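Residue numbers (this note's numbering): 76 to 399. The beta-carbon is built from N, C-alpha and C at its ideal position, and this holds for glycine as well. Model, not experiment: these values are computed from the prediction. Report on the following structure.
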Amino acid sequence: MDKLTRRRGGNGAFVRAAIAIGAAVVAMATAGCSGAAPTAGDGGHGKLRVTTTIGQITDLVENVGGEHVQVVGIMPPGVDPHLYKATQGDISKFEDADIIFYNGLHLEGKMTEVFEEMAERKPTIAVAETIEPASLIEVSDNGGKAYDPHIWFDVRLWMVAAETVKDELSRLDPENAAAYEANAAAYAAELEKLDAYVRETIAGIPKERRVLVTAHDAFGYFGKAYDIEVRGLQGISTASEAGSKDVTDLRDYLVAKKIKAIFVETSVSDRSITAVIEGARELGHDIAEGGTLYSDAMGEAGTPEGTYLGMVKYNVDTIANALK
Ligand code: ZN
76 MDKLTRRRGG
86 NGAFVRAAIA
96 IGAAVVAMAT
106 AGCSGAAPTA
116 GDGGHGKLRV
126 TTTIGQITDL
136 VENVGGEHVQ
146 VVGIMPPGVD
156 PHLYKATQGD
166 ISKFEDADII
176 FYNGLHLEGK
186 MTEVFEEMAE
196 RKPTIAVAET
206 IEPASLIEVS
216 DNGGKAYDPH
226 IWFDVRLWMV
236 AAETVKDELS
246 RLDPENAAAY
256 EANAAAYAAE
266 LEKLDAYVRE
276 TIAGIPKERR
286 VLVTAHDAFG
296 YFGKAYDIEV
306 RGLQGISTAS
316 EAGSKDVTDL
326 RDYLVAKKIK
336 AIFVETSVSD
346 RSITAVIEGA
356 RELGHDIAEG
366 GTLYSDAMGE
376 AGTPEGTYLG
386 MVKYNVDTIA
396 NALK
């Protein structure tokens with residue numbers, strides 16, 4: 076009993092991975108008779124149908140899958156994944172998929188049951204849960220133990236997520252494994268460059284001004300990886316609203332540290348951040364709004380910020396310009 080509970084509760088990623096392998100074997104056996112990848116009914120060489128949650132993962136799967144996948148992301152720009160509930164249309168998209176990628180670690184906190192149900196039928200992969208716990212940031216969750224889900228803010232951890240996507244696509248569609256391998260290698264080179272750019276740009280901000288204050292605690296991995304102190308008004312999730320004590324605590328911290336700029340996020344209301352700025356002003360300390368950052372959601376499709384590479388670069392430039 077204890078063993079069962081531990082496996083289900085404490086090691087969800089392992090169980091999901093095992094389910095994924097099982098489902099992949101079934102899928103390969105089915106595809107085996109025609110010798111082709113699962114078809115989308117387009118008459119030609121079928122594409123793998125992939126359904127994803129946040130834009131960052133949609134973009135990642137498109138980069139690794141290339142022409143062999145058809146990716147449908149359910150969360151549009153500006154949407155907060157912590158609060159997002161799957162619609163009936165989203166459920167259909169999950170049902171139509173050959174494979175599902177989501178972040179996990181409770182980022183999509185209102186969708187847990189959907190993923191559990193889908194995992195019984197098809198590979199349903201939580202990319203953040205394939206990262207070894209030693210690389211994750213532990214946070215307290217109402218006294219219990221949990222991990223910070225915002226792994227995409229450490230580009231090196233996102234490279235691990237890219238490996239996971241490559242491995243899972245290859246397992247399900249071994250015919251195109253060489254293409255996934257090549258795409259993943261090309262994308263890893265881009266991520267490598269991005270990681271160096273972030274490191275260099277943040278290091279250019281004088282150490283005493285290297286403090287990133289945002290609406291919610293999305294930037295923990297960013298701070299750890301790139302040596303910048305981070306502080307959010309709300310916690311790791313946006314599910315509980317900032318109280319008046321959170322606002323006054325943050326105000327006092329900013330005044331004491333003489334911090335000049337704080338940031339809002341596209342997917343989180345800026346009401347409480349505005350209250351902090353006004354509170355500090357009443358105490359005679361002027362704080363500027365340093366700009367809007369893409370935290371849990373990316374920018375509009377077709378803009379540079381609508382890609383992971385562009386979003387991270389935009390954030391870093393915005394932070395550096397405001398704090399320098
Ligand atoms: Zn978040």
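Relative to the ligand ZN, residue 215 has its C-beta separated by 7 Å or more from all heavy atoms. With fewer than 16 other Cβ atoms from the protein chains shown falling within 10 Å of its own Cβ, residue 323 counts as exposed. Here DSSP, grouped into helix, strand and coil, assigns residue 162 to coil. Within 10 angstroms of the beta-carbon of residue 370 lie 16 or more other beta-carbons, which makes it buried.
Remark: the shortest separation between the CB of residue 261 and any heavy atom of the ligand ZN does not fall under 7 Å. By the Cβ-count criterion, residue 326 is buried, with 16 or more other Cβ atoms from all chains shown falling within 10 Å of its own Cβ.
Of all alpha-carbon atoms in 137, 379, 228 and 364, the one lying nearest the alpha-carbon of residue 123 is that of 137. In this structure, residue 237 has its beta carbon at no less than 7 Å from each heavy atom of the ligand ZN.
In the DSSP assignment, residue 332 falls within the alpha helix (DSSP H) that extends over 319-332.
The three-state reading of DSSP puts residue 351 in helix, counting H, G and I together. Residue 181 has its Cβ no nearer than 7 Å to any heavy atom of the ligand ZN. As computed with DSSP, residue 306 is found in a beta bridge with 288. Judged by DSSP secondary structure, residue 215 falls within the beta strand (DSSP E) whose first and last residues are 213-216. If you draw a 10 Å sphere on the C-beta of residue 358, you find fewer than 16 other C-beta atoms in it, and that means exposed.
Under a 10 Å Cβ-count criterion, residue 341 is classified as buried, with 16 or more other Cβ atoms of the shown protein chains found around its own Cβ. With at least 16 other beta carbons inside 10 angstroms of its own, residue 285 counts as buried.
DSSP, reduced to helix, strand and coil, places residue 207 outside both helices and strands of the structure shown, so it counts as coil. Nearest to residue 329 by alpha-carbon distance, out of 389, 356 and 311, is 356. Out of 394, 376 and 373, the CA that lies nearest to the CA of residue 364 is found in 394. When distances are taken from the beta-carbon of residue 345 to the heavy atoms of the ligand ZN, even the shortest one reaches 7 Å or more.
For residue 315, the Cβ stays outside the 7 Å cut-off from all heavy atoms of the ligand ZN. In the DSSP assignment, residue 221 is bridged to 214.
Every residue with a CB closer than 5 Å to a heavy atom of the ligand ZN is listed here in chain order: 293 and 371. Assignment of beta-bridge partners to residue 340 by DSSP yields 368. By the beta-carbon neighbour count (other beta carbons within 10 angstroms, threshold 16), residue 131 is buried. For residue 382, the three-state secondary structure derived from DSSP is coil. The bridge partners DSSP lists for residue 144 are 123. Per DSSP, residue 236 lies in no beta strand (DSSP E); the unbroken alpha helix (DSSP H) holding it starts and ends at 230-247.
Of all C-beta pairs linking the segment 243-262 to the segment 209-218, fewer than three are shorter than 8 Å, placing the two stretches out of contact. Residue 190 carries a helical assignment under DSSP once its states are collapsed to helix, strand and coil. Excluding residues up to 5 positions away in sequence, 291 and 317 lie with their Cβ nearer than 6 Å to the Cβ of residue 309 in the same chain. Inter-residue distance for residue 352 and residue 287 is about 15 Å (C-alpha atoms, whole angstroms).
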